[in-house]
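Everything on this sheet refers to the single structure shown next.
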Amino acid sequence: MSGFLAVLVIVLIFIVIFQIAKASEYVSILKGEKKARQQSNRINGFLLIAFLVLGLIGVYYCNDLLKGKILGESASVQGEGVDTLIYVTLAITGIVFVITQILLFWFAFKYQEKEGQKAFYFPHNNKLEVIWTVIPAIALTVLVAFGLKHWFQLTSDAPKDAAVVEVTGKQFNWLIRYPGKDGQLGRRDFKKIDEAASNPLGMDWDDQLSKDDFMATEVHLVVGKPVKFVIGSRDVIHDVGLPQFRMKMDAVPGIPTTLWFTPKYTTKQMKEKTGNPDFTYEISCDQMCGSGHYSMRGVIVVETQEEYDAWVAKQPLQYSLAHPAAAPATPEAPKADSTQKTVAANIK
């Protein structure tokens, strides 16, 4: 990549030097000397063709060089449709881009000012207007229809057996909450938020559903099991970005949003597929949310049901952290009975 950029810089420098050397011809153009103007147009025409060829080669080279550094295969079932939409969009816009750029630079070269050539003015054509209005409209309609299909899918009601994870953004980290065995999240009230009392979400302890909820610093998901994200924000607008799963949803204060998907591969499987032992799924903030925006990166762990259950069993309930006095005391070990030991010794 660095070699290609170096070549490109050299070519651009050469063009600049060449144009500076031809400054005298530009002066002649300003003075109205027709021959000098035509010569300059001819040079610019060839330079435009050279720029076109180098540009298209550069596009192909960059695509070939960077194709192994993109996100790779979607890690969610729903993300497969998003990938298809991206490829279709790139195909349509790519074809249009190549054709229009070739025509643009070729016309600049073909119809440059020449001796005996008179410009042809083409002020209006109804047929042409219809063609370049209808065709883009059809292409955009198809793309929008596919996009809406996938949008309605990921924002639709999650399956009844879907796990629930609440993700709340705050400056500058994510607050992750899980329901207990009842599978339901307890009530929250922003007036009850108290960081010092281990209640950063304002959980309502009068609600029985809140007492078995727990919080974590990572998002843990079960492979092959649908999961519903309940998304919100405690302060400014954030955005839950799940790039490997091809999911994204705004986190808006006071307006809960949701999305759901089904993970396809565990973290361990993705490490093997990518050949990267340090691979991690991530949750990022895709909305500039302040000076600490860069730190809004969390970790997602996808694992088997057994591994997930073992992890859940180790998590302390948030109610217990907020009310340590109410937590069950650890029973003391029974004291040794010295009388029984003495009797046993006498019997012997």
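Using full-length UniProt numbering, you'd call the opening residue of the sequence shown number 1 and step up by one each time. C-beta atoms are modelled at their ideal positions from N, C-alpha and C, and glycine is treated no differently.
- request: To the nearest angstrom, report how far apart Gly116 and Trp106 are at their CA atoms.
  value: 20 angstroms
field: Proximal residues to Met247 (C-beta, below 6 angstroms), its chain only, five neighbours per side dropped
entry: Leu259 and Phe261
- prompt: Could you give the C-beta distance for Gly186 and Val164, rounded to a whole number, given that I count them as a contact under 8 angstroms?
  reply: Wrong, their Cβ atoms sit about 12 angstroms apart, outside the cutoff.
Whole-angstrom distance between Phe14 and Lys225, CA atom to CA atom: 59 angstroms
message: Checking the sheet assignment: what are the DSSP bridge partners for Trp174?
response: Gly169
query: Do His150 and Val82 come within 7 angstroms of each other at the CB atom, strictly closer than that value?
result: yes
field: Alpha-carbon spacing of Thr342 relative to Pro324, whole angstroms
entry: Residue confidence for Thr342 is low, a pLDDT of 43 falling below 50, so the modelled location carries little weight; the figure read from the coordinates is stated next. Roughly 41 angstroms between the two C-alpha positions.
query: Quick one, are the C-beta atoms of Asp213 and Gly180 less than 7 angstroms apart?
result: yes
query: Which one or two residues does DSSP pair with Thr84 in a beta bridge?
result: Answer by DSSP bridge pairing: none, since Thr84 is not bridged.
query: In three-state terms, what does DSSP make of Leu71?
result: coil
- prompt: What number of angstroms, rounded off, separates the C-alpha of Leu56 from the C-alpha of Ala310?
  reply: 54 angstroms
- prompt: From the beta carbon of Glu195, is the nearest beta carbon of chain C less than 7 angstroms away?
  reply: Here there is only one protein chain, and chain C is not present.
Reduced DSSP secondary structure (H/G/I, E/B, other) of Ala162: coil
task: Inspect the beta-carbon positions of Val222 and Tyr308 and report whether they are closer than 7 angstroms.
output: yes
task: Within its chain, find whatever has a CB closer than 8 angstroms to the CB of Pro277; leave out the 5 residues flanking it on each side and keep chain order.
output: Lys271
field: Backbone secondary structure at Asp64 - three-state DSSP
entry: helix
field: Validate contact between the stretch 127-138 and the stretch 63-80 using beta carbons, cut 8 angstroms, 3 pairs
entry: no
query: Ends of the alpha helix (DSSP H) at Glu129?
result: Asn126 to Thr155
query: At what residues does the beta strand (DSSP E) containing Leu321 begin and finish?
result: Taken as a continuous stretch (DSSP letters only), Leu321 belongs to no beta strand (DSSP E), being part of the alpha helix (DSSP H) at Gln318 to Ala322.
message: Which runs of the alpha helix (DSSP H) at least 4 residues long sit entirely within the stretch 253-280? Give them in chain order.
response: 267-274
Coil, strand or helix - Asp309 by DSSP: helix
Nearest neighbour of Lys268, chosen from Phe190, Glu303, Ala322 and Ser210 [CA to CA]: Glu303
- prompt: Do Lys264 and Ala158 have their CB atoms nearer than 7 angstroms?
  reply: no
query: How would you label Glu166, buried or exposed, when you count the other beta carbons within 10 angstroms and need 16 or more for buried?
result: buried
field: Proximity to Pro253 [Cα-Cα], best of Met296, Leu47, Val144 and Asp189
entry: Asp189
field: Met215 burial status per 10 Å Cβ neighbour count (16 or more: buried)
entry: buried
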